[in-house]
Amino acid sequence: MMMRFLLGLIVVDPLAIQRVSVPLLMNPSNANNWDATIALLNLRSFVNSTLEEAKQHVGFVYHNNQPWTWAPSGPGEWLQIQGPGLVVLDGKPGEPGTVYARKTQGRFGYVIFKDVHVVYRGGPVTLINVFFDNCTFDVQSNGNGALLAKAIFSAPITDFQIE
Numbered sequence: 006m007m008m009r010f011l012l013g014l015i016v017v018d019p020l021a022i023q024r025v026s027v028p029l030l031m032n033p034s035n036a037n038n039w040d041a042t043i044a045l046l047n048l049r050s051f052v053n054s055t056l057e058e059a060k061q062h063v064g065f066v067y068h069n070n071q072p073w074t075w076a077p078s079g080p081g082e083w084l085q086i087q088g089p090g091l092v093v094l095d096g097k098p099g100e101p102g103t104v105y106a107r108k109t110q111g112r113f114g115y116v117i118f119k120d121v122h123v124v125y126r127g128g129p130v131t132l133i134n135v136f137f138d139n140c141t142f143d144v145q146s147n148g149n150g151a152l153l154a155k156a157i158f159s160a161p162i163t164d165f166q167i168e
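If you want our numbering, it's the 1-based position in the sequence shown plus 5.
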């Protein structure tokens with residue numbers, strides 16, 4: 006993994022994280038591989054916070070510990086789901102950590118997840134232009150979990166769909 010030291014900080018190239026993830030994702034059922042994959046997802050999200058993509062125009066901030074109603078963003082605006090807290094991407098209505106509204110039904114578009122713990126168990130979810138900023142992950146080691154990990158490693162802004 007290529008790193009360089011800059012003013013006492015370690016700068017990590019996101020492409021290096023992606024390259025390291027490739028052999029791990031070839032065998033996600035191996036527990037050691039999956040533990041390393043989750044550690045790399047956490048690192049990738051931490052690295053994302055330093056990228057230009059983290060500076061999107063946020064039209065609405067939802068604090069994860071408060072009741073809310075879905076506020077769709079306008080053109081060029083992003084919704085930020087701000088931690089600390091838990092977000093279950095494929096959760097059911099009423100389940101703790103589930104960000105769910107009748108209009109979204111597991112669809113997230115132009116959303117920044119910031120400082121949250123993201124859970125994904127392999128169920129239906131659609132992510133369109135989603136950005137993970139300084140998040141941690143709990144992703145099940147199944148085929149859909151591996152697909153989500155691959156999508157997150159591929160680019161700072163994630164597109165992903167499982168129906």
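Ideal placement from N, C-alpha and C gives every residue a C-beta, glycine not left out.
Inter-residue Cα distance where the pair is residue i and residue j
| i | j | result |
| --- | --- | --- |
| Pro33 | Ser146 | 6 Å |
| Pro161 | Tyr125 | 18 Å |
| His62 | Ile133 | 16 Å |
| Ala151 | Asn38 | 11 Å |
| Leu30 | Thr42 | 7 Å |
| Ser26 | Phe65 | 33 Å |
| Glu57 | Phe158 | 16 Å |
| Arg112 | Glu168 | 10 Å |
| Gln85 | Phe51 | 16 Å |
Option in the options with minimal Cα separation from residue i
| i | options | result |
| --- | --- | --- |
| Pro101 | His122, Ser26 and Gln85 | His122 |
| Phe118 | Ala44, Thr42 and Thr163 | Thr163 |
| Asn139 | Ile167, Asp40 and Leu45 | Leu45 |
| Pro89 | Lys155, Phe51, Trp83 and Asp120 | Asp120 |
Buried versus exposed, by CB contacts within 10 Å (16 or more), residue i
| i | result |
| --- | --- |
| Phe136 | buried |
| Met6 | Below a pLDDT of 50, predicted positions are generally treated as unreliable, and Met6, at 38, falls in that range; no measurement from the model is reported. |
| Arg49 | buried |
| Val16 | exposed |
| Leu20 | exposed |
| Asn35 | exposed |
| Ala106 | In this predicted model, Ala106 has a pLDDT of only 47, less than 50, meaning its place in the structure is not dependable; the value taken from the coordinates is given anyway. Classification of Ala106: exposed, given that the 10 Å Cβ count is below 16. |
Proximity below 8 Å, CB of residue i to CB of residue j
| i | j | result |
| --- | --- | --- |
| Tyr67 | Gln87 | yes |
| Thr131 | Gln166 | yes |
| Gly148 | Asp95 | no |
| Ala156 | Val144 | no |
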